[in-house]
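Protein sequence lines correspond, in order, to chains A, B, C and D. Numbered by full-length UniProt numbering, the letters in the first sequence go through residues 1 to 299 in order. Numbered by full-length UniProt numbering, the letters in the second sequence go through residues 1 to 299 in order. Numbered by full-length UniProt numbering, the letters in the third sequence go through residues 1 to 299 in order. Numbered by full-length UniProt numbering, the letters in the fourth sequence go through residues 1 to 299 in order. Beta carbons are placed, not taken as given, at the ideal position from N, Cα and C, and that holds for glycine. Keep in mind the model is a prediction, meaning the values are calculated, not measured. Inspection log for the structure reproduced underneath, given as structure tokens.
4 protein chains.
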Amino acid sequence: MKPSIAAHLQAFQQENRNRGRLLITCPDRPGIVAAVSQFLFTYEANIIESSQYSTNPTGGTFFMRIEFECPDLPGKAAYMQEAFRTIGADFEMNWRLLPLYEVKRTAVFVSKELHCLLELLWEWQNGDLLTDISLVISNHEDAREAVEQLGIPFYHIPARRENRAEAEATQLELLREYEIDLIVLARYMQILTPQFVSAHPHRIINIHHSFLPAFIGARPYERAFERGVKLIGATSHYVTDDLDEGPIIEQGIERVQHHHNAEDLKKIGRSIERSVLARAVKWHLEDRVIVHGNKTIVF
Amino acid sequence: MKPSIAAHLQAFQQENRNRGRLLITCPDRPGIVAAVSQFLFTYEANIIESSQYSTNPTGGTFFMRIEFECPDLPGKAAYMQEAFRTIGADFEMNWRLLPLYEVKRTAVFVSKELHCLLELLWEWQNGDLLTDISLVISNHEDAREAVEQLGIPFYHIPARRENRAEAEATQLELLREYEIDLIVLARYMQILTPQFVSAHPHRIINIHHSFLPAFIGARPYERAFERGVKLIGATSHYVTDDLDEGPIIEQGIERVQHHHNAEDLKKIGRSIERSVLARAVKWHLEDRVIVHGNKTIVF
Amino acid sequence: MKPSIAAHLQAFQQENRNRGRLLITCPDRPGIVAAVSQFLFTYEANIIESSQYSTNPTGGTFFMRIEFECPDLPGKAAYMQEAFRTIGADFEMNWRLLPLYEVKRTAVFVSKELHCLLELLWEWQNGDLLTDISLVISNHEDAREAVEQLGIPFYHIPARRENRAEAEATQLELLREYEIDLIVLARYMQILTPQFVSAHPHRIINIHHSFLPAFIGARPYERAFERGVKLIGATSHYVTDDLDEGPIIEQGIERVQHHHNAEDLKKIGRSIERSVLARAVKWHLEDRVIVHGNKTIVF
Amino acid sequence: MKPSIAAHLQAFQQENRNRGRLLITCPDRPGIVAAVSQFLFTYEANIIESSQYSTNPTGGTFFMRIEFECPDLPGKAAYMQEAFRTIGADFEMNWRLLPLYEVKRTAVFVSKELHCLLELLWEWQNGDLLTDISLVISNHEDAREAVEQLGIPFYHIPARRENRAEAEATQLELLREYEIDLIVLARYMQILTPQFVSAHPHRIINIHHSFLPAFIGARPYERAFERGVKLIGATSHYVTDDLDEGPIIEQGIERVQHHHNAEDLKKIGRSIERSVLARAVKWHLEDRVIVHGNKTIVF
């Protein structure tokens, strides 16, 4: 990693060394907020931002994201995680308590179209994407220069239908080696196997170049052109075994006109894709996205 | 029609008594614009607005819409229509020369949800929709009061699957009697028969309550909710025999969030539907929409 | 009020008889959320929606809006309001505890342009604006028919610069008589005196027909046209003594083009104005807007 | 220039060697389109795209942009330019006939914030900005690496209030040497002298970081934050002697919320600025922008 980017990350970690996040999913019932906020107060934590949502106040599912500032968090985090277990068990919670200094490690997969990758790298250089982009994997060489000049390791792993198993084995080995938390498919035009996907639940973010569920599958811009739509879009979603059917994180659209041909739609689409993917990745890194069934709560 | 609205229409006709439009579709080749503009100049017509598009300059289809001001158009229109035949034949044109004082006559079909109808009526009262809304037909009584208080005849024709043929016969009789040019389905929740549709090619405008081609068919908001999309939309299109597959005139979208339930989506959707339909109808009335295959050129 | 609208309101009050809201502004410090949520838990209230914001976690101002469901709220509300005083005093809170069955009473002021009024009435008829529109006051007669046919009292009070004091005296008398909580200026083209304004702090909502702070003052569309802007807007804000300078609640914009003249901008602007005002009023009625200095927090 | 970008440009010039544009401003009167289209037909030119606008059909100003395909344009262009003089004189036209193979030469001025420059370079690499970016001038060193790695000459010319005359002399010398057609101020934070500006009428494009005419002058994001607006914007305009008062080419906006501080607004603003400036530059390069008084016609 380039020194200037490393400096961004370290400054962020230093500034936020006492900052943490608490993410909760549990059956809704009275008393959850009281218990959680009392817990935080006990540890002298001040709630900075708090969001919650319930699918149904009676018998539904409750979701909460709290960002807090807690004096000496590095010294207390382990105790707090231990102590929260009781509350978690009482309310049947699925929960995570995450200090911000534990920055997520990200791998980006890309093919020949670089606009989404370059957008992510650009936001990252600016200090707007707080993660350690640990490596970039591609089935082509096109991205090497842009990646390596930022000091990020680049791996060229040719991946075709025939050698998919072998390529994925190499990829998985790298993901383990670099201790990757998040995989971003930045227009990586290869299908992943169910084995690969199920090994990273809600940790693979894809950008699909259409306004899902319209134009599922291949050649969406060509099909949008043929259908004569007046708006085109892009969709960022978590990858599941069902192609283009995973939980949607973010979508965006732009207006198009009769004089735009399929090639124009692709160009317009590129700018939608890169901003939609960048927002989705940012929200994931800020722990704003909770998956519930096949939907997302975005706090 | 209420006197104030009739006054709007008459003022429009008077102000635009010398205004005409020329719409052309033909094989593209050099010389079209020269021939057409020379023709108009011969009749002392000044071109006010002109739009053109070609699917492909070599061997494609050429589309043009010209709005012109021509001294004494009422006295010349018939001659001009006769004289243009030669040019039309030379260039194998599909063409129409339309004086603006010949205002289109519109029928609106509606069921129980009135938001789209009311938007059209409201624009119409304001003088923003220049047409003679000659009658409203509904399979329910809900719209009667709002329609009749504007002096528009209202016909309640119960229409169910069982009596469709009979209901359509009555409707067709009314459309003939009122010499209707345009039919607007303002959330008219009944299927029309192929006979009815083919009798009005590119003259029936529908509003579909989804961002087509996503959620074709019934219950689009419920399905959008289940899929967890982050944007919902509406689509206005010409009706063809293929359900929700006709040429799209206009689309619109709004952002939704995880806390919106299917009922919320419907409410948000209502405001998209009414503005999308109103724009589509307005553009049709201004002769801005040319159908080409299953697409529209919107000038 | 028309029986169908009264039925909407009563259904809302009945469905939400146990629903309440708590609005808080106070100096930020740890323990606020814990104290408040513990309080609500004591009364068996379940938190349905909760939003908070702090201008600065250390030494800033803290804002919170909680919506809760509390069994037998009608029986408990007075006790809860009494009991919350201690917490309010401890944390130096500015707070309100509001049962939803106490529906706000609204007066709409309008002049000759009716689009904003009609939008509000339309949302209201649909059950999307939960308030008692108790009266409409106008310096013209234009709105009478639309208002009275919904069973709302309409008062024509001519207001000109010369008789402003007298007109305002009559208006204030009516506002007292009808026990009005909110005044909406739906394109009411008269200036209000400082006395009138200061009698209703943060309870008068205006719609300004420009994207403030651009084009403060008169004739904004003409000036937007002269400046050649490519987007026009509208702004809804609370009225203060400084013309067009009050806290902004909501803004909206639309794209315009070189061929639009000032009259076109007005038409496009009308549709922005009505949706922006409707959103601002809706958020106010849902107690989502907290004023802080000259800004708003919109939860 | 990098070989891959040079290849883009050459391919464009080769593909469009027979493509030209005709731009016209003149008093409106009948016969203009007939004369112009007859002229083009004489030279066997096929009209590909045509746009026109009149401020007022009777006595107003008429604007037209035609893109045409003309066999052997390189051989005919000089003749055509000569021959068009008669028509130009007859109709008192201000006109330009521009072959597309004569690519415009652009200079970009930048300071320390690079997002706008990088966006332009990125679009340019992609072949979406068809110009020869001949040099970049900056009063800082920050942009050197990004510029030089694309093979573009970079000139560091320190510019402060004290040495403005001297710095501008150096800049003007470079602009002459490189035969520059267009100057883009991509967040160049220095004021230009009236001499510099008047030497390049409608050929300097600036990006202002606010939705003009709101927040003219310095620190627009801070002032937007203080005013509590709900939307922020950016404006691209031609530079004239009046600061931030030149003809607007394009504007864009994004929604902001109460929790965004001035720093957040800057970040959000950066993404608006870069897309607004890129669109304005693209339209200028495609000869789509005609200046009329202090406004632009954008075809």
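Through-space distance from residue j to residue i, alpha-carbon basis
i, j, result
"residue 61/B", "residue 28/B", "5 Å"
"residue 293/C", "residue 247/C", "8 Å"
"residue 196/D", "residue 297/D", "24 Å"
"residue 13/D", "residue 1/D", "16 Å"
"residue 277/A", "residue 186/A", "8 Å"
"residue 231/B", "residue 141/D", "43 Å"
"residue 104/B", "residue 250/B", "20 Å"
"residue 325/D", "residue 176/D", "No answer is possible for residue 325/D: it lies beyond the span of chain D, which begins at 1 and ends at 299."
"residue 290/D", "residue 49/D", "16 Å"
"residue 198/A", "residue 240/A", "8 Å"
"residue 202/D", "residue 127/D", "24 Å"
"residue 124/C", "residue 5/C", "8 Å"
"residue 261/A", "residue 270/A", "14 Å"
"residue 213/C", "residue 84/A", "49 Å"
"residue 217/B", "residue 145/B", "30 Å"
"residue 23/D", "residue 63/D", "8 Å"
"residue 18/D", "residue 98/B", "36 Å"
"residue 220/A", "residue 155/D", "44 Å"
"residue 166/A", "residue 44/A", "51 Å"
"residue 121/B", "residue 268/B", "20 Å"
"residue 74/D", "residue 80/D", "10 Å"
"residue 151/B", "residue 295/D", "44 Å"
"residue 7/C", "residue 133/C", "14 Å"
"residue 33/C", "residue 55/A", "22 Å"
"residue 112/A", "residue 11/A", "33 Å"
Cβ-heavy atom distance, residue i to the ligand FAD, below 7 Å
i, result
"residue 158/B", "The ligand FAD is not among the ligands present in this structure, which contains no ligands whatsoever."
Rounded Cβ spacing between residue i and residue j (contact assumed at less than 8 Å)
i, j, result
"residue 282/B", "residue 40/B", "With a Cβ gap of about 25 Å, residue 282/B and residue 40/B do not count as contacting."
"residue 58/D", "residue 180/D", "Contact flag wrong, Cβ pair sits at about 41 Å."
"residue 116/C", "residue 286/C", "Contact doesn't hold; Cβ gap of about 19 Å is too wide."
"residue 223/C", "residue 211/C", "Their Cβ separation, rounded to whole angstroms, is 12 Å, which puts residue 223/C and residue 211/C out of contact at 8 Å."
"residue 205/D", "residue 280/D", "6 Å"
"residue 190/D", "residue 159/D", "5 Å"
"residue 46/A", "residue 30/C", "4 Å"
"residue 183/D", "residue 109/D", "6 Å"
DSSP beta-bridge partners of residue i
i, result
"residue 206/B", "185/B, 237/B"
"residue 95/C", "24/C"
"residue 290/D", "297/D"
"residue 110/D", "138/D"
First through last residue of the alpha helix (DSSP H) which encompasses residue i
i, result
"residue 135/C", "Premise fails: residue 135/C lies in the beta strand (DSSP E), 132-138, not in any alpha helix (DSSP H)."
"residue 7/C", "3-15"
"residue 120/C", "115-125"
"residue 146/D", "144-148"
Length-filtered (4 minimum) alpha helix (DSSP H) runs lying within the UniProt domain "ACT" (21-108) of chain C: 32-42, 73-90
Which whole runs of the alpha helix (DSSP H) in the segment 203-288 of chain A are 4 residues long or more, in chain order? 220-227, 262-285
Just to confirm the assignment: which complete beta strand (DSSP E) runs, minimum length 3, are found wholly within the segment 150-202 of chain C? 154-156, 182-185
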